[in-house]
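For the protein sequence lines, the chains are L and C, in the order given.
Be aware that the first sequence starts at 1, since it is given in our numbering, and climbs by one per residue.
Be aware that the second sequence starts at 250, since it is given in our numbering, and climbs by one per residue.
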Amino acid sequence: MEDPIHQFEIVKYFTLGHIAGREIAFTNSALFMAIAIAGITLLLVGSTSRRSLVPGRLQSIAEMSYEFVADMVRSTTGTEGMRFFPFVFSIFMFVLFLNLIGLVPYTFSVTSHIVITATLALMVFFTVIGYGVWKNGTKFLRVFVPSGIPIYILPLVSAIEIMSFLSRPLSHCVRLFANILAGHITLKVFAGFVTMLGTWGLLGWLGAVLPLGMTVALTALELLVAVLQAYVFAILTCIYLHDALHPGH
Amino acid sequence: MDPVAAKMIGAGIACIGMGGAGVGVGTIFGHYLAAALRNPSAAQGQFANLIFGFAVTEALGIFSLLIALLLLFAL
Chain L
1 MEDPIHQFEI VKYFTLGHIA GREIAFTNSA LFMAIAIAGI TLLLVGSTSR RSLVPGRLQS
61 IAEMSYEFVA DMVRSTTGTE GMRFFPFVFS IFMFVLFLNL IGLVPYTFSV TSHIVITATL
121 ALMVFFTVIG YGVWKNGTKF LRVFVPSGIP IYILPLVSAI EIMSFLSRPL SHCVRLFANI
181 LAGHITLKVF AGFVTMLGTW GLLGWLGAVL PLGMTVALTA LELLVAVLQA YVFAILTCIY
241 LHDALHPGH
Chain C
250 MDPVAAKMIG AGIACIGMGG AGVGVGTIFG HYLAAALRNP SAAQGQFANL IFGFAVTEAL
310 GIFSLLIALL LLFAL
């Protein structure tokens, strides 16, 4: 059976230059990120350059995604959180497009690499700390002190809050990475069963129908996971930004 | 014991923790569905809370998966 990990291999296309002795190369990961950015730009600019009062198909998609993210930001962070709307919308569309493009056969799923998701999660983490401290000053530390807690268990609760705050970027990035990675490996393992059974003659051909159907069903499931994980990534960003805006719980 | 074998067994044991996260995620979605069928009009407003609870619960399963991945590929 073919190695199911092989699909995550980074292939270097050409070298762009060297920074501090490290090679900066254009890889398949960079290529698919560029494709995702081009797709998003094409969708949003192309559909809104010729606006009509009654939206067509493409314009509907663009408007629906805008409304969807705007509702999400407004309901979780309040109206003052809307200044973070471009940030959350960019993250949502970027992760969504990368997840969906990765589902097409023979493409590369960028979000299955922890370095990409960790960069996004750390960007959110430092935005929360930076904006929280800039806006609230030392009052930002109130995020670790929930209100209405008896004083004698407050040290314990604060310690737990600090721990959970620091583990946020870890769970934030590993969730997306692990879901996409595990999904793609499962897909490849079931696809591998098809080719393995195919070598067994007629009986194998009949048996191969089962894993083939399973692969189709799993692809549908992965489509759901791709959209859901992009949504979860974006809504967690909103919830963490809520702490930066209102640190007092 | 062979260190590689011990690593593999350790990774397998670490994955047991994901069962607990499975129970938790199932409880969250089951209770959400039960509550949504009782009061369908309030269900839409709680969807963000549902996803948040799901994400926080799933984080614990992810930590055990992380231990398994670290044992297999990093340590």
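Backbone N, C-alpha and C define an ideal beta-carbon position, used for all residues, glycine too.
Just so you know, these numbers come straight off a predicted model, no measurement behind them.
Contact annotation, L/R175 with C/I311: C-beta distance approximately 6 Å; criterion of less than 8 Å satisfied.
L/K139: not part of any beta strand (DSSP E); DSSP gives it neither H nor E. When the five nearest sequence neighbours on each side are left out, the beta carbons in the same chain lying within less than 7 Å of the beta carbon of L/P247 are those of G132, N136, K139, F140, R142 and V143, in order along the chain.
Here L/G39 is actually not in contact with L/L58; their C-beta atoms are around 12 Å apart, not less than 8 Å. The C-beta distance from C/L299 to C/I277 rounds to 7 Å, short enough to fall under 8 Å.
For L/G17, the enclosing beta strand (DSSP E) has its first and last residue at K12 to I19. Contact between L/S29 and L/I5 is ruled out by a C-beta separation of about 15 Å, above the 8 Å threshold. Assignment of L/I24 by DSSP, reduced to helix, strand and coil, places it in the strand class.
The beta carbon of C/L319 sits no closer than 8 Å to any beta carbon of chain L. The C-beta distance from L/I239 to L/T76 rounds to 6 Å, short enough to fall under 8 Å. At a C-beta separation below 7 Å, C/I311 has these neighbours in chain L: S171, V174, R175 and A178.
Sequence-ordered contacts of the segment 274 to 296 of chain C with chain L are nonexistent [C-beta pairs closer than 8 Å].
Annotation: the continuous alpha helix (DSSP H) that includes L/Q59 extends over R57 to T77. The C-alpha of L/S109 is placed about 22 Å away from the C-alpha of L/F87. Residue burial annotation: C/F322 is exposed, with fewer than 16 other C-beta atoms found within 10 angstroms of its C-beta. In the structure shown, the three-state DSSP call for L/A34 is helix.
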